[in-house]
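Participant: If you scroll down you'll find the structure; I have some questions about it.
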Amino acid sequence: MPPSSPDSSVLLQRISSNTTPDFACKQSQQLQRRTMPIPSTTQVPDSVVRFHTHPVGPNQCCSAVIQRISAPVSTVWSVVRRFDNPQAYKHFVKSCHVIVGDGDVGTLREVRVISGLPAASSTERLEILDDERHVISFSVVGGDHRLANYRSVTTLHPELSGDGTTIVVESYVVDVPPGNTRDETCVFVDTIVKCNLTSLSQIAVNLNRRKDS
């Protein structure tokens, strides 16, 4: 990762040595920008957009992946909402154990991933579980991995045409690891999210077919 510019270094030095903690916090917040990574070509309701508008720090990246699924929202949501069972459609997850909580907001899970990834485990906290709006969010709070301060939000809404298709939007913010660029980090995470949502689509479509048969 390229070194910080001289101006940034001076600013950080002033914050750390010449300001009070409260003022430093305000300065840090000012360095963040609010980002909505959904492409303008994708039509989503305003009620969905607000969940995908993230504060992004100077050493973070933010992106979103969109998946159309030929199944109703209720079917897709029945899979996505299971915070205790991400391996149902996330094939990079080897196992998941709830370590604190009973599935409500604040629940912690420990996820172990398959070999071959630059990670071994991840401790994750459920931040949002809204069964009415079909929103789920979690943040990574520990573990052996390189995705520090990762936070993901996934929303489901019906296709505006009313054809029964579900639109899944998953956005995230994460620190850029040392030695990597923002683009490299987003490409890596986007690839994993795309694989997960492709798997989710296949599972939801099959579930819907079984219901209709």
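Counted the way this note's numbering counts, the sequence shown spans residues 5 to 217. Positions of the beta carbon are idealized from the N, C-alpha and C atoms, including for glycine.
What's the C-alpha gap between Leu211 and Thr79?
Facilitator: Stepping through the sequence shown from its first residue, residue 211 is reached at position 207. Stepping through the sequence shown from its first residue, residue 79 is reached at position 75. Straight-line Cα distance between these residues: approximately 7 Å.
Participant: By the three-class DSSP mapping on this structure, what secondary structure does Ser78 have?
Facilitator: Within the sequence shown, numbered from 1, the residue matching residue 78 stands at position 74. Three-state result, Ser78: helix.
Participant: Does Asn200 pass the burial test, meaning 16 or more other C-beta atoms within 10 Å, or should it be called exposed?
Facilitator: Along the sequence shown, one-based indexing puts residue 200 at 196. Label assigned to Asn200: buried.
Participant: Could you check which residue in Val53, Pro76, Arg37 has the C-alpha nearest to that of Arg213?
Facilitator: The count along the sequence shown starts at 1 and reaches residue 213 at position 209. Taking only the C-alpha atoms, the option nearest Arg213 is Pro76.
Participant: Can you tell which of Glu131, Val69, His95 has its C-alpha closest to the C-alpha of Gly110?
Facilitator: The residue you call residue 110 lines up with position 106 of the sequence shown. Answer by Cα proximity: Glu131.
Participant: By a C-beta neighbour count over all protein chains shown, 10 Å radius and 16 as the cutoff for buried, is Glu128 buried or exposed?
Facilitator: For the purposes of this step, residue 128 is taken as residue 124 along the sequence shown, with counting starting at 1. Per the 10 Å Cβ criterion, buried.
Participant: Taking just the CA atoms, how far does Val102 sit from Thr169?
Facilitator: Along the sequence shown, read from residue 1 onward, the residue named residue 169 stands at position 165. Along the sequence shown, read from residue 1 onward, the residue named residue 102 stands at position 98. Cα to Cα, the separation comes out at about 32 Å.
Participant: Give the straight-line distance between the Cα atoms of Thr39 and Lys215, rounded to the nearest whole angstrom.
Facilitator: Position 35 of the sequence shown, counting from 1, holds the residue named residue 39. Position 211 of the sequence shown, counting from 1, holds the residue named residue 215. Going by the C-alpha atoms only, they are around 39 Å apart.
Participant: In the DSSP assignment, find the alpha helix (DSSP H) that holds Ser203 and state where it starts and stops.
Facilitator: If you number the sequence shown from 1, residue 203 lands on position 199. Run containing Ser203: 186-216, per the alpha helix (DSSP H) assignment.
Participant: Assuming Cys66 and Thr189 make a contact with CB atoms under 8 Å, what is their CB distance in whole Å?
Facilitator: For the purposes of this step, residue 66 is taken as residue 62 along the sequence shown, with counting starting at 1. For the purposes of this step, residue 189 is taken as residue 185 along the sequence shown, with counting starting at 1. Contact flag wrong, Cβ pair sits at about 10 Å.
Participant: Measuring CA to CA, which of Val197, His138, Phe192, Asp187 is closest to Asn63?
Facilitator: Start at 1 with the first residue of the sequence shown, and residue 63 comes out as number 59. Nearest option by C-alpha distance: Asp187.
Participant: Is it true that the CB of His56 sits closer than 7 Å to the CB of Ile70?
Facilitator: Walking along the sequence shown from the start, residue 70 turns up at place 66. Walking along the sequence shown from the start, residue 56 turns up at place 52. Result no, Cβ atoms of Ile70 and His56 do not sit closer than 7 Å.
Participant: Using only the alpha-carbon positions, how far apart do Ser143 and Gly107 sit?
Facilitator: Taking the sequence shown and counting its residues from 1, one reaches residue 143 at position 139. Taking the sequence shown and counting its residues from 1, one reaches residue 107 at position 103. Looking at the two C-alpha atoms, the distance is approximately 14 Å.
Participant: Pick from Gln36, Arg37, Pro49: whose alpha carbon is nearest that of Val173?
Facilitator: Taking the sequence shown and counting its residues from 1, one reaches residue 173 at position 169. With distances taken between Cα atoms, Val173 lies closest to Pro49.
Participant: Buried or exposed: where does Trp158 fall if 16 or more other Cβ atoms within 10 Å of its Cβ makes it buried?
Facilitator: As a position in the sequence shown, residue 158 is number 154, starting the count at 1. The identity of residue 158 in the sequence shown is Thr, whereas the question assumes Trp. When all chains shown are included, Thr158 counts as buried.
Participant: Could you tell me the alpha carbon to alpha carbon distance between Glu163 and Ser74, rounded to whole angstroms?
Facilitator: Position 159 of the sequence shown, counted from the first residue, corresponds to residue 163. Position 70 of the sequence shown, counted from the first residue, corresponds to residue 74. Near 10 Å, if we compare the C-alpha coordinates of Ser74 and Glu163.
Participant: Please state the DSSP three-state secondary structure of Asp50.
Facilitator: In the sequence shown, the residue the question calls residue 50 occupies position 46. Asp50: helix per DSSP, three-state reduction.
Participant: Beta strand (DSSP E) containing Glu114: first to last residue?
Facilitator: Taking the first residue of the sequence shown as 1, we reach residue 114 at position 110. Start and end: 112-117.
Participant: Between the alpha carbons of Ile207 and Ser44, how many angstroms are there, rounded?
Facilitator: Here residue 207 corresponds to residue number 203 of the sequence shown, with the count starting at 1. Here residue 44 corresponds to residue number 40 of the sequence shown, with the count starting at 1. Their backbone Cα atoms lie some 28 Å apart in a straight line.
Participant: Please report the residue range of the beta strand (DSSP E) in which Pro59 lies.
Facilitator: Sequence index remark: in the sequence shown, residue 59 carries index 55 (1-based). In the DSSP annotation of this structure, the continuous segment of the beta strand (DSSP E) that includes Pro59 starts and ends at 58-60.
Participant: Taking Lys94 as part of the beta strand (DSSP E), name the residues at either end of that continuous run.
Facilitator: As a working mapping, residue 94 is identified with position 90 in the sequence shown. Unbroken run through Lys94: none, as it is neither H nor E.
Participant: According to the neighbour-count rule (16 or more other Cβ atoms, all chains shown, within 10 Å of its Cβ), is Pro90 buried or exposed?
Facilitator: The residue you call residue 90 lines up with position 86 of the sequence shown. By the neighbour-count rule (16 or more Cβ atoms within 10 Å), Pro90 is buried.
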